[in-house]
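This note's numbering puts the last residue of the sequence shown at 78; the count rises by one with no breaks. What follows is one structure encoded as structure tokens, with my remarks underneath.
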Amino acid sequence: MLENRTSNHTVFSFHPGCFLKRECTDRGENLADLAKVLDCTLEMLEHVCAGEAPLTPEMAYRLQHHWEISAGLLIGAQRDFEAGLPWTIVDQDT
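Put into structure tokens, the structure is as follows:
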């Protein structure tokens, strides 16, 4: 993840695999079980989580049904990462 902090904004770029890895841990799941849900190999999912392989639209669709999270958001994050586009978050503390 690349981060650039300016005044009350944080601009960063991230691979959606970072999100997957953290979300999996937060939900008490493991990557092996998630790989079965996503119909991919554990090795492939590990590469996605490491940011070494893209999150595919098929994976995003399966995640949408498994975790009830927007497939469009995940696909958009992958597209923006590949294009080198940053995300901006306005800090609420300022």
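Think of the CB as a built atom: it goes at the ideal place given N, C-alpha and C, for glycine as much as any other residue. As the structure is a prediction and not an experimental result, all values here were calculated from the model.
- DSSP places P41 inside the alpha helix (DSSP H), whose first and last residues are P41 to W51.
- For F(-2) and A34, the gap between their C-alpha atoms comes out near 11 Å.
- Under the DSSP assignment, C8 falls in the alpha helix (DSSP H) whose first and last residues are P0 to D10.
- With 16 or more other Cβ atoms inside 10 Å of its own Cβ, P0 counts as buried.
- Here the alpha carbons of P38 and Q62 stand approximately 7 Å from one another.
- In this structure, the alpha-carbon of R11 lies about 16 Å from that of L22.
- Closest by C-alpha distance to R46, out of K20, F3 and C2, is K20.
- For the pair H49 and L57, the Cα-to-Cα distance works out to about 13 Å.
- In this structure, the alpha-carbon of G60 lies about 23 Å from that of L26.
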